[in-house]
Amino acid sequence: MFEDDKVLTTLTGKVNDLLARYEEICKDNEELHNQIVTLKAQNEAKSNQIARLEEELNKKTNETDDVLKKIEAVLNK
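What follows is the structure in structure tokens.
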């Protein structure tokens, strides 16, 4: 009887340890998931900002090219 109680106590302790580790891992997993969601949102915002800046750069480049063409036209006259 005493041996059965000892085995049961040992198994109960190990099961409790496993449950505690499982809960800790679930918490860590949730934190990592939240970080991924945050990083994806930041990445999307940065991608949008890069696209906007590329558009502005292209617009400025086109404006510069137009001004340069006008200057060349004036100089060629």
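Per full-length UniProt numbering, the very first residue in the sequence shown carries number 1; after that it's consecutive.
Quick reminder that beta carbons are idealized off the backbone N, C-alpha and C, glycines included.
query	result
Cutoff 7 angstroms; reference K14; Cβ partners in own chain excluding five residues on either side	none
Through-space distance from D65 to A45, alpha-carbon basis	30 angstroms
Inter-residue Cα distance where the pair is T10 and D28	27 angstroms
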